[in-house]
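Scroll down for the structure; my scribbles are underneath it.
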Amino acid sequence: RHKAKIDFVAITDNDYVYGGRLSDAGWHKTMTQTQAWSAEGSFIAIPGYEWTQPNWGPVRPQHRSVLFTSYDQPILRWRDVEGDPIEALVSWISTTDGLLNTQHANFYLTESEREANMEVCCGWGDYINKSVCFHEHLNRGFKTGFVGTSDGHRRSPGLGGGLTGLWVREFTLAGIMEAFRSRRCYATAGARIGLGFWIDDAFMGQTLTTGGRPTARITVQAPREIEKLEIFGDGEVVASRTGLPSVFDEEIQDLPPCSWYYAKVAMPGAFPEYPSNIAPAEGPWAWSSPVFMER
Numbered sequence: 249r250h251k252a253k254i255d256f257v258a259i260t261d262n263d264y265v266y267g268g269r270l271s272d273a274g275w276h277k278t279m280t281q282t283q284a285w286s287a288e289g290s291f292i293a294i295p296g297y298e299w300t301q302p303n304w305g306p307v308r309p310q311h312r313s314v315l316f317t318s319y320d321q322p323i324l325r326w327r328d329v330e331g332d333p334i335e336a337l338v339s340w341i342s343t344t345d346g347l348l349n350t351q352h353a354n355f356y357l358t359e360s361e362r363e364a365n366m367e368v369c370c371g372w373g374d375y376i377n378k379s380v381c382f383h384e385h386l387n388r389g390f391k392t393g394f395v396g397t398s399d400g401h402r403r404s405p406g407l408g409g410g411l412t413g414l415w416v417r418e419f420t421l422a423g424i425m426e427a428f429r430s431r432r433c434y435a436t437a438g439a440r441i442g443l444g445f446w447i448d449d450a451f452m453g454q455t456l457t458t459g460g461r462p463t464a465r466i467t468v469q470a471p472r473e474i475e476k477l478e479i480f481g482d483g484e485v486v487a488s489r490t491g492l493p494s495v496f497d498e499e500i501q502d503l504p505p506c507s508w509y510y511a512k513v514a515m516p517g518a519f520p521e522y523p524s525n526i527a528p529a530e531g532p533w534a535w536s537s538p539v540f541m542e543r
């Protein structure tokens, strides 16, 4: 809160990994601490944990950030279920007030409505710039938003190569979780970039019904000028602009028909590749959540 200058955080310990198990007592402590850290209107600690299933068939890993809307929720560990763990997870999560965000560059989404967002960057790297997994899921019809995280293993939350921006209606735990569920979120590679994205009248995360060639609107407030703005549609760059100021409100008309769109902005500067989960604290990119189209 004070060093990273962030408004919310989720400390998501692994449920079971490397022989270590998040005990019932440990989970109770997590809930108690996050509630104690939170103050509506100034800082919110989100209760949650990391579902650490190592694989699901050929998919490695199949992790999820499990986030809750209240401080009295149970925990389900992937090692403690019978049968298919991920099927048990999506069945169980529907009995709670929680949601699921993916983790890592490879995963496979389920049909659960609680699968809210995909982690597109974190301290391990800028996943969406390198992995086809994200566009493949969107092209298969999944409606999920984008988030960024530190994943720094408690080392530097908020200063570790990934951040999530939320458009909230109220600065409370319930308001933050509502924004996650509604996909009014965007990811940055650590830089403090404000990003808004619309297709016609639909804001990021929403679905628009149209038969025409839509208009994109992008608003940005960044610490440096924007070297490039790109609009992605169905996995391809369908429009771009270069040499934009650090603060702008831009419209791009007559986009080709697509089933989804999102905006990516890039500031000047290199992004060094480090091993492990120690990405630079202020990477140059930001990605809006998609707007989805029904034609």
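Numbering-wise (my numbering), the sequence shown opens with residue 249 and increments by one.
All C-beta atoms, glycine included, are put in the ideal place defined by N, C-alpha and C.
Item                                                                                                                                                                                                      : Value
Tell me whether Arg312 is buried or exposed, calling it buried when 16 or more other Cβ atoms sit within 10 Å of its Cβ.                                                                                  : buried
So, at 6 angstroms on beta carbons, what are the nonlocal neighbours of Val486 in its own chain, with the 5 sequence-adjacent residues on each side left out?                                             : Ile479, Leu503, Pro504
Here's the rule: buried if 16 or more other CB atoms are within 10 angstroms of the residue's CB, otherwise exposed. What is Pro538?                                                                      : buried
Between Tyr297 and Thr260, how many whole angstroms is the CB-CB distance? I'm expecting something under 8 angstroms.                                                                                     : 5 angstroms
Output yes or no for whether 9 angstroms exceeds the beta carbon distance between Cys369 and Gly267.                                                                                                      : no
If Val395 sits next to Glu367, beta carbons under 8 angstroms apart, how far is it from one beta carbon to the other, in whole angstroms?                                                                 : 5 angstroms
Would you list the residues sitting across from Phe480 in a DSSP beta bridge?                                                                                                                             : Val485, Tyr510
Measure the C-alpha to C-alpha separation of Thr278 and Thr455 and round it to an integer number of angstroms.                                                                                            : 36 angstroms
Going by other Cβ atoms of all chains shown within 10 Å of its Cβ, with 16 needed for buried, is Val257 buried or exposed?                                                                                : buried
To the nearest angstrom, how far is the alpha carbon of Cys433 from that of Gly305?                                                                                                                       : 30 angstroms
Tell me, to the nearest whole angstrom, how far the beta carbon of Thr300 is from that of Asp345; I am working on the premise that it is less than 8 angstroms.                                           : 21 angstroms between Cβ atoms; not a contact.
By Cβ distance, which residues of its chain are closer than 7 angstroms to Gln440, with the 5 residues on each side in sequence left out?                                                                 : Sequence inspection shows Arg at residue 440; the Gln mentioned does not correspond to that position. Closer than 7 angstroms at Cβ, skipping near neighbours: Pro471.
Taking the straight line between their C-alpha atoms, what separation do you get for Leu270 and Asp263?                                                                                                   : 5 angstroms
Whether or not the region 397-417 and the region 521-528 are in contact is what I'm after, with contact meaning three or more pairs of Cβ atoms, one per stretch, closer than 8 angstroms; do they touch? : yes
Would you kindly check if the distance between the Cβ of Gly400 and the Cβ of Gly371 is under 9 angstroms?                                                                                                : yes
Pro493: buried (16+ other C-beta within 10 angstroms of its C-beta) or exposed?                                                                                                                           : exposed
So, do the region 281-296 and the region 418-431 have three or more beta carbon pairs nearer to each other than 8 angstroms?                                                                              : yes
In angstroms with no decimal places, state the Cα-to-Cα distance between Phe382 and Arg429.                                                                                                               : 18 angstroms
Could you check the C-alpha separation between Arg465 and Asp449 for me, to the nearest Å?                                                                                                                : 9 angstroms
So Arg431 and Gly481 are supposed to be a Cβ contact under 8 angstroms. How far apart are they, rounded?                                                                                                  : No, Arg431 and Gly481 are not in contact; Cβ-Cβ is about 17 angstroms, not under 8 angstroms.
Just to confirm the assignment, what range does the beta strand (DSSP E) spanning Arg429 have?                                                                                                            : Note, Arg429: premise wrong, no beta strand (DSSP E); alpha helix (DSSP H) at 421-430.
How would you call Val380, buried or exposed, if buried means at least 16 neighbouring beta carbons within 10 angstroms?                                                                                  : exposed
If you drop the 5 nearest sequence neighbours on each side, which residues of the same chain put their C-beta closer than 6 angstroms to that of Trp533?                                                  : Ala437, Ala514
Quick one: Cα of Lys253 to Cα of Leu386, how far?                                                                                                                                                         : 32 angstroms
Kindly list the residues whose CB is nearer than 7 angstroms to the CB of Trp415, restricted to its own chain and excluding five residues on each side of it in sequence; keep chain order.               : Ala427, Arg432
Taking the C-alpha atoms as reference points, what is the distance between Gly459 and Gln281?                                                                                                             : 50 angstroms
Label Trp326 either buried or exposed according to how many other C-beta atoms from any shown protein chain fall within 10 Å of its C-beta, with 16 as the threshold for buried.                          : buried
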